[in-house]
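Shown next, in structure tokens, is the structure this report addresses.
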Amino acid sequence: MKLAVSCQMTVYTKFKTPSSLDQWHNKWSALHHSEPNTLTLTLEQKIQCYSELTDFHRKFAYHQLTTKQSISKVGHEEAIELLKDPNLYRPKTPIINGRLETFENHQKVTRGVIPKSVDMQISRLKRIRDYIEEHRLELDFDSIAKYMDSLKETHPLTKKQYLFAGNAFWKWANKYDVKLKEFYKGKTSPFLNHEFPINKKGKRDDSRKAFSPEDITKLYTGSLDHKNKHLKDLICIATYTGCRIEEICQLSIDKSIIKENNVLCFSIEDAKSPAGIRKIPIHRALTSTIERLKKESSNGMLIPSKSKNKYGILSDLYSKAFGRFKLELGYDKSYVFHSIRKTVITQLQRSGVEGITIASIVGHETGTITFDIYSEGPSIQQKQKALEKLKFNLN
Numbered sequence: 001m002k003l004a005v006s007c008q009m010t011v012y013t014k015f016k017t018p019s020s021l022d023q024w025h026n027k028w029s030a031l032h033h034s035e036p037n038t039l040t041l042t043l044e045q046k047i048q049c050y051s052e053l054t055d056f057h058r059k060f061a062y063h064q065l066t067t068k069q070s071i072s073k074v075g076h077e078e079a080i081e082l083l084k085d086p087n088l089y090r091p092k093t094p095i096i097n098g099r100l101e102t103f104e105n106h107q108k109v110t111r112g113v114i115p116k117s118v119d120m121q122i123s124r125l126k127r128i129r130d131y132i133e134e135h136r137l138e139l140d141f142d143s144i145a146k147y148m149d150s151l152k153e154t155h156p157l158t159k160k161q162y163l164f165a166g167n168a169f170w171k172w173a174n175k176y177d178v179k180l181k182e183f184y185k186g187k188t189s190p191f192l193n194h195e196f197p198i199n200k201k202g203k204r205d206d207s208r209k210a211f212s213p214e215d216i217t218k219l220y221t222g223s224l225d226h227k228n229k230h231l232k233d234l235i236c237i238a239t240y241t242g243c244r245i246e247e248i249c250q251l252s253i254d255k256s257i258i259k260e261n262n263v264l265c266f267s268i269e270d271a272k273s274p275a276g277i278r279k280i281p282i283h284r285a286l287t288s289t290i291e292r293l294k295k296e297s298s299n300g301m302l303i304p305s306k307s308k309n310k311y312g313i314l315s316d317l318y319s320k321a322f323g324r325f326k327l328e329l330g331y332d333k334s335y336v337f338h339s340i341r342k343t344v345i346t347q348l349q350r351s352g353v354e355g356i357t358i359a360s361i362v363g364h365e366t367g368t369i370t371f372d373i374y375s376e377g378p379s380i381q382q383k384q385k386a387l388e389k390l391k392f393n394l395n
């Protein structure tokens, strides 16, 4: 007992408020001297003795941890709880709500990333954060690798989207967040250099299939009697342009139907990428459909829409209607409206149209500096000639 007390007094000589330890020392020393054989102390007395000493240890540790520290009220409460039960400790990740809100604003406002994509990034970052905190891990390469391994049923492309979101956050934090920039200075992003299994069979892994020309006829014919009367128009326009469904629903009569070099075109101005901003010659097979839609329009849009979700998407209801419709015709989940776009690209390629012209029509980048940066692209006449090669039986 004397040795224990002596050691404690030595350790705490720098502690500014030792009165509680003095009281403990005096109390139990007096009892010790009155009872030279400590074994005669009752179990209850022993428990009380060491409980009081433990309580002092906890208060001392709290004092050492919080002195000269800027800690919130919640932080003080957490410190007290952790000292009582260290097993409650969870490593703090930098992916906190405040930073996520700032990052979200940066992506949407400063960089102009479409809101839906940003919301997906935030959702994925929160899942990463929850996993790290639940398993008491630090944010490093190994913890991210473990999280990737935990997504057993997730497609590798989706896993890469998690890494993309994490790396976007990491880049932002190391550029704009003062604390994280200093803390992670010189450290490599934990979201880089992760590897995924290679498709050994050599087959392209793509869940979306293209419709055949016969499928397109079946879809169009089936849509003629559909309760959603504009489903047939969406199928028809997509078949002769390769447009995405949202691009079609965004077409306005005054601004989106123009003439360029005496060729009637659709003008796509709101796209996912710079390459998506383009002019598409209107196929002769669409002439009567376009004229009818212009006459029927009551709000200036080629395809009227009552749907506008929180991302400003006009095609939402039509996409869902098409999804139910194609299931009724026997097409599984590997076929979507976007499959029509794949059909158009496939048919243009099989008709001998050059890749650069196809990319210009559907709004894809070519992946080369020569064409994406320096070239003005194919002429309207070249694109018109290419599109006129599309032959479908839509009567």
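Going by UniProt numbering, the letters in the sequence shown line up with residues 1 to 395, in that order. We put the beta carbon where it would ideally sit given N, CA and C, even for glycine. Keep in mind the model is a prediction, meaning the values are calculated, not measured.
In the three-state reduction of the DSSP assignment, arginine 244 falls in the coil class. Contact annotation: the region 365-383 touches the region 262-280, with at least three C-beta pairs closer than 8 Å. Scanning its chain for C-beta atoms nearer than 7 Å, with the 5 sequence neighbours on each side dropped, one finds around serine 319 the residues Ile245, Phe337, in chain order. Contact annotation: isoleucine 280 and isoleucine 361 have beta-carbon atoms nearer than 8 Å.
The alpha-carbon separation between valine 353 and histidine 283 amounts to approximately 16 Å. The DSSP assignment places 178-183 as complete runs of the alpha helix (DSSP H) inside the region 162-213, in order along the chain (cut-off: 4 residues). The Cβ-Cβ distance between leucine 180 and proline 94 falls below 8 Å. Annotation for arginine 129: Thr93, Ile95 place their beta carbon closer than 7 Å to its own, counting only its chain and skipping 5 residues before and after.
By the criterion of a C-beta distance shorter than 8 Å, lysine 209 is surrounded in its chain by Ser334, Tyr335, Ser339, Lys342, once the five residues flanking it on both sides are discounted. Between glutamate 101 and isoleucine 122, the alpha-carbon positions lie close to 9 Å from each other. Checking the DSSP bridge columns, you'll see leucine 264 partnered with Lys259.
Apart from sequence neighbours up to five positions away, the residues of its chain that approach alanine 173 with a beta-carbon distance below 8 Å are Pro94, Arg99, Phe103, Leu180, Lys181, Tyr184, ordered along the chain. Cysteine 249 is positioned such that its CB atom lies no closer than 8 Å to that of leucine 151.
Restricting attention to Lys187, Asn167, Gly276, the CA atom closest to the CA of threonine 241 is found in Gly276. Straight-line spacing of the CA atoms in threonine 217 and glutamate 296 works out to 24 Å. According to DSSP, residue pairing for serine 252 in a beta bridge involves Met301.
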